[in-house]
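Report on one structure; see the data block that follows.
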Amino acid sequence: MQSSYKIARFVRTSFKDVRTFVPHVAASGATLLALTGDEMVMGPMSHITPLDVQLRYKDTAVSAATAIRFFARASKWFEKTAPDEAPYSEKALTDKLDPFLMEEWSGHMDTAIEYVSDILDMVGYEESSKIARMLVMGFPSHPYVIHAERARGLGLNAKDASDYGETWEVMRYWLGKYALSQEPLHCIRYVCPRAKDSESPEEEQGGCETPTGSVEKEEA
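Sequential numbering from 100 applies to the sequence shown in the numbering used here.
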């Protein structure tokens with residue numbers, strides 16, 4: 100969550116106009132990166148996913164939103180029933196709720212909503228908080244498919260890929276080249292063009308300064 104948020108802020112503060120492309124899937128943290136675009140270009144097989152926080156729990160990964168939803172469901176069981184009168188199954192499940200863990204997970208969810216809302220604010224969305232809450236809390240599962248039409252229904256500026264013919268084909272090329280490749284580390288490479296008012300060959304051949312150091316330029 101922290102890495103995606105920092106990268107998204109870096110993109111929005113480094114460039115005035117941003118257009119993102121989702122040739123296939125932008126899941127979880129990649130959804131936040133896709134949201135940095137003034138326009139998010141999607142095709143018929145494209146989708147993003149919700150941004151509910153995934154946390155380690157008993158040797159597996161679980162959604163913090165799932166825990167919060169269960170707490171809300173369990174709370175309703177005892178609205179009109181005393182604990183001693185509740186069915187054994189309901190009482191046994193609620194006895195396993197850890198208040199410290201629930202509060203910690205709730206804090207993670209609030210953090211995610213704040214991060215997403217901040218990025219949407221930087222893009223210029225007027226209902227950033229509403230959209231952020233839906234993306235973090237509004238879907239039943241982490242891999243839920245949010246296609247272009249559903250994204251527009253949330254208020255996101257999702258554009259049809261057919262309007263970006265040549266560029267979209269380039270994105271599909273990169274997808275085909277790397278879709279089934281695995282890397283031990285996530286890596287983002289980018290090209291920083293030379294400033295228009297500069298004619299220094301040293302600058303053109305040099306690197307780009309980043310918060311973590313310099314990145315050498317690559318051939319586009």
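Ideal placement from N, C-alpha and C gives every residue a C-beta, glycine not left out.
- In terms of Cα proximity to V222, the closest of S103, R118 and S102 is R118.
- Linking M201 to A211 through their CA atoms gives a straight-line distance of about 15 angstroms.
- For V140, the number of other beta carbons within 10 angstroms of its own is at least 16, and it is reported as buried.
- Per the DSSP secondary-structure output, D259 pairs in a beta bridge with M141.
- Look at Q153 here: in three-state DSSP terms it is strand.
- Judged by pairs of C-beta atoms under 8 angstroms, the region 115 to 135 does not touch the region 155 to 171, as fewer than three such pairs exist.
- In the structure shown, F109 adopts helical secondary structure according to DSSP, grouped into three states.
- Note that the region 146 to 160 does not touch the region 262 to 281; fewer than 3 beta-carbon pairs, one per stretch, sit closer than 8 angstroms.
- Close CB contacts of G254 within its chain, under the 8 angstroms cut and outside five residues either way in sequence, are with Y224, E226, K229 and I230 (chain order).
- Note that the C-beta distance between M208 and A160 is not below 8 angstroms.
- Beta-bridge pairing by DSSP links S227 to no other residue.
- When only Cα atoms are considered, I218 and G206 end up about 19 angstroms apart.
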